[in-house]
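In my numbering, the protein residues as written are 5 to 412.
Shown next, in the form of structure tokens:
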């Protein structure tokens, strides 16, 4: 966060831009194999950013970064399209089982249940999420797609009962890459006109280092220092920021603005987009099933329970299909989840055993009761190799009648 604040203060320093992108990648790598979708999206974007800066060392850093914008647009479209496509499955389109219904109910504190048309929530999500990448792809509709996307994701993050502010923050920044300079400039001018009336905002502009320090303390440290109060303060501050940006974008919607061209994608960044394509396809290819932009979709790609409406699964490995139907476990979370009739890929149990070598799990494999663990007479959970342990992570799979909304 300090590197990001440094970039805000001195965006002309290439070293700070490189430090910001590089530190995010270090943190992403350190978190793996468990990494949230927004961090993965930013990770791929920062790899492209570093490539662009490295290839444009003789240019001013703002020009070097701008040359990467087309690659960042492509990365955003790939990730967002994958998230939209994942929702075309039998579970998400069931109004009773859909994550859209569960999220609407939770975010509205139960008020959504009073809506008589139970299909409204999943249809709305699917229509909007499918439309956004299409609108962003077409030059004439690009600026409209940005504003629809900002409004949609603000609504998703607005309820404290269901706050996805991290993913929304990443998308807010990336969506602005689809606006032309004059369109984005109009939004910023609108924000400046409003904030110029505030003495606090004027002081922040006159003393940027002090403002950055305060922002770091409030947004970066308060949640760790004072717990829920700090988290609440951070949430309110971030939501006010989202709201301000959204209102400025909506208030400039009707003005005439040129459409920005998608731009020429630097050839050196195309491998990043190619790897991202493989990454988002990994559930359908039998590889990892979390952190691959299938969040809140209830997508299942395991052979016996695959539920996508039209995308086929072609497993290149047996990782997803070697399932253990959980009966009990020494791990409280796994043991509690057993009540929901879940199965877990055997490789995932081996991954969990890396950090919990005493893990014991009893489950059914092909109808046979097996106990996995470190003791004599138990099936040992052999730790996977280093790269398997870094790159693979699998969601639990509901196999009974008690289906549930999964955020993976």
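Backbone N, C-alpha and C fix where the C-beta goes; we use that ideal spot for every residue, glycine too.
What do you get for residue i, buried or exposed, if any count of 16 or more other CB atoms within 10 angstroms of its CB means buried?
i           : result
residue 91  : buried
residue 50  : buried
residue 273 : buried
residue 202 : exposed
residue 394 : exposed
residue 114 : exposed
residue 301 : buried
residue 318 : exposed
residue 370 : exposed
residue 305 : buried
residue 76  : buried
residue 286 : buried
residue 133 : buried
residue 174 : buried
residue 419 : An answer regarding residue 419 cannot be provided, because it is not within the stretch 5 to 412 covered by the chain.
residue 74  : buried
residue 48  : buried
In the structure shown, what three-state DSSP assignment does residue i receive?
i           : result
residue 157 : helix
residue 221 : helix
residue 143 : helix
residue 42  : helix
residue 214 : helix
residue 269 : coil
residue 108 : helix
residue 402 : strand
residue 349 : strand
residue 3   : Beyond the ends of the chain as shown, which are 5 and 412, falls residue 3; an answer cannot be given.
residue 135 : helix
residue 79  : helix
residue 29  : helix
residue 10  : helix
residue 335 : coil
residue 172 : helix
residue 49  : helix
residue 318 : coil
residue 397 : coil
residue 325 : coil
residue 409 : coil
residue 296 : coil
residue 63  : coil
residue 191 : helix
residue 165 : coil
residue 100 : coil
residue 128 : helix
Could you tell me the alpha carbon to alpha carbon distance between residue i and residue j, rounded to whole angstroms?
i           : j           : result
residue 53  : residue 23  : 11 Å
residue 271 : residue 95  : 39 Å
residue 410 : residue 245 : 28 Å
residue 346 : residue 325 : 13 Å
residue 328 : residue 400 : 10 Å
residue 294 : residue 207 : 44 Å
residue 123 : residue 101 : 11 Å
residue 389 : residue 355 : 10 Å
residue 64  : residue 216 : 24 Å
residue 337 : residue 262 : 53 Å
residue 288 : residue 199 : 48 Å
residue 309 : residue 403 : 7 Å
residue 139 : residue 154 : 13 Å
residue 32  : residue 307 : 30 Å
residue 93  : residue 144 : 31 Å
residue 283 : residue 177 : 22 Å
residue 311 : residue 97  : 10 Å
residue 142 : residue 169 : 27 Å
residue 78  : residue 277 : 7 Å
residue 241 : residue 60  : 36 Å
residue 291 : residue 42  : 20 Å
residue 269 : residue 279 : 15 Å
residue 250 : residue 266 : 23 Å
residue 376 : residue 396 : 20 Å
residue 151 : residue 350 : 44 Å
residue 357 : residue 363 : 6 Å
residue 130 : residue 149 : 15 Å
residue 332 : residue 107 : 29 Å
Which one or two residues does DSSP pair with residue i in a beta bridge?
i           : result
residue 376 : 365 and 383
residue 312 : 93
residue 330 : 367
Counting contacts by CB-CB distance shorter than 8 Å, is residue i in contact with chain C?
i           : result
residue 209 : Chain labels in this structure do not include chain C; a single protein chain is all it has.
Practice task
Decide yes or no for the touch test of the segment 251-260 against the segment 31-47: beta carbon pairs closer than 8 Å, at least 3 of them.
Solution key: no
Problem - Segment contact flag, the segment 156-165 with the segment 185-196, C-beta cutoff 8 Å, min 3 pairs - result: Verdict: no, contact absent.
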